[in-house]
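Chemist: Numbering (our numbering), first residue to last: 628 to 944.
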């Protein structure tokens, strides 16, 4: 049996810990308890709102701690969106959660037990910088932002990409977290703030599609067939929005077997897993579900989304 587990989880809603200095190890333990996966299987996890904290030169990361809990084969790749050294603002950092730390980063991450596959472009030879290739690459997808508000209204956004060597061949895995705005009416798309937020997400959609086209152009330059791209994340957008429809001109959104909301407070489905597979290398029938266990709400405000890509082994006699 050829199998691949995909998870998307926004882990930033740990409200039960917000009135004390952040304990990244506790966050990792809590999140491990709500991940509906078998860590012995090939797995890729997209984390949004994952955090690293420092005291002096000592660093702790909830993503790295979670990878360690899953097993020795797991690695964590981090793409900070905001960094207290570069985005210093009282509103975000002067909170009990961060008191006593000298530096904090928050952003997107990927956890996996899969090896890195080759990028679709030539690397420098031995003895030259970059000869080993990047493990993961991140790219900005938002408009230029200084984080001057210390809030979601001016937060930079990015995507992180990892080429995974799976049993299905090379799979490009991308994780992202799209914009939202203070005062956005989640159930009223005609509200002016909602329209502004949707326009920002539509721009971010276009940036994702530019990254996809750059990958495809690199593959064509090397005479490679297009590999599958799996895109997961917190899109802050429901399926029937303009930004998601634009994304689905290239990607196919996996529809959960029991359609339900992923944002526990707003009761809307905004966390998704999508696939672009023009070569047809992945099975068409992929089981996707939302993890609705009651204990999820005790840990975070987003329900994890899980997809299992599975194909029976073929044998000849």
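Ideal Cβ positions, reconstructed from N, Cα and C, are used throughout, including at glycine.
1) Per DSSP, what kind of secondary structure is residue 927 in: helix, strand or coil?
2) Counting C-beta neighbours from all protein chains within 10 Å, is the total for residue 718 16 or more, i.e. buried, or is it exposed?
3) Using three-state DSSP, classify residue 933 as helix, strand or coil.
4) Give the range of the alpha helix (DSSP H) segment to which residue 654 is assigned.
5) Should residue 898 go down as buried or exposed, given a rule of 16 or more other Cβ atoms within 10 Å for buried?
6) In whole angstroms, what is the alpha-carbon distance linking residue 763 and residue 704?
7) Does DSSP put residue 801 in a helix, in a strand, or in coil?
8) So, with DSSP's three-state summary, where would you put residue 746?
9) Taking only three categories from DSSP, how would you classify residue 833?
10) Name the two residues that bound the continuous beta strand (DSSP E) containing residue 736.
11) Ignoring anything shorter than 3 residues, give me the beta strand (DSSP E) runs that lie fully in the region 806-888, in order along the chain.
12) In or out: residue 748 buried (at least 16 other Cβ within 10 Å) or exposed?
13) Within the same chain, show all residues whose beta-carbon is closer than 8 Å to that of residue 799, passing over the 5 residues directly before and after it, in chain order.
14) Residue 718 by DSSP, collapsed to three states: which one?
15) Grouping DSSP H, G and I as helix and E and B as strand, with all else coil, what is residue 944?
16) Let me make sure I understand the geometry here. Which of 909, 677, 937, 887 has the alpha-carbon closest to that of residue 655?
17) Just the C-alpha distance for residue 663 and residue 878, rounded to the nearest angstrom, thanks.
18) Rounding to the nearest angstrom, what Cα-Cα distance links residue 637 and residue 847 in this structure?
19) Inspect the beta-carbon positions of residue 632 and residue 923 and report whether they are closer than 8 Å.
20) If you reduce the DSSP assignment to three classes, tell me which class residue 707 lands in.
21) With residue 898 as the anchor, note down where its beta strand (DSSP E) starts and where it stops.
22) Taking the beta carbon of residue 728 as the centre, do at least 16 other beta carbons fall within 10 Å, making it buried, or is it exposed?
Modeler: Judging by the given coordinates:
1) In the structure shown, residue 927 adopts coil according to DSSP, grouped into three states.
2) Exposed, since its Cβ has fewer than 16 Cβ neighbours within 10 Å.
3) In the three-state reduction of the DSSP assignment, residue 933 falls in the strand class.
4) First-last of the alpha helix (DSSP H) with residue 654: 651-661.
5) Residue 898 should be labelled buried.
6) Their backbone Cα atoms lie some 7 Å apart in a straight line.
7) In the three-state DSSP reduction, residue 801 falls in the strand class (E or B).
8) In this structure, residue 746 counts as coil in the three-state DSSP scheme.
9) DSSP places residue 833 in helix when its eight states are reduced to three.
10) It spans 730-739 - the beta strand (DSSP E) in which residue 736 sits, taken as one unbroken run.
11) Runs found: 856-861.
12) The residue is exposed, with fewer than 16 neighbouring Cβ atoms inside 10 Å.
13) These residues qualify, in order along the chain: 788, 789, 790, 791, 842, 854, 855, 856, 857.
14) The answer is helix: DSSP assigns residue 718 an H, G or I state.
15) Confidence at residue 944 is low in this model, with a pLDDT of 41, below 50, so the placement of that residue should be treated as unreliable; the coordinate-derived value is given next. In this structure, residue 944 counts as coil in the three-state DSSP scheme.
16) Closest by alpha carbon: 677.
17) Here the C-alpha atom of residue 663 lies approximately 25 Å from the C-alpha atom of residue 878.
18) When rounded, the separation of the alpha-carbon atoms in residue 637 and residue 847 is 34 Å.
19) With contacts defined as CB atoms closer than 8 Å, residue 632 and residue 923 fail to qualify as a contacting pair.
20) Taken through DSSP and simplified to helix, strand or coil, residue 707 comes out as strand.
21) Taken as a continuous stretch (DSSP letters only), the beta strand (DSSP E) holding residue 898 covers 898-903.
22) With at least 16 other beta carbons inside 10 angstroms of its own, residue 728 counts as buried.
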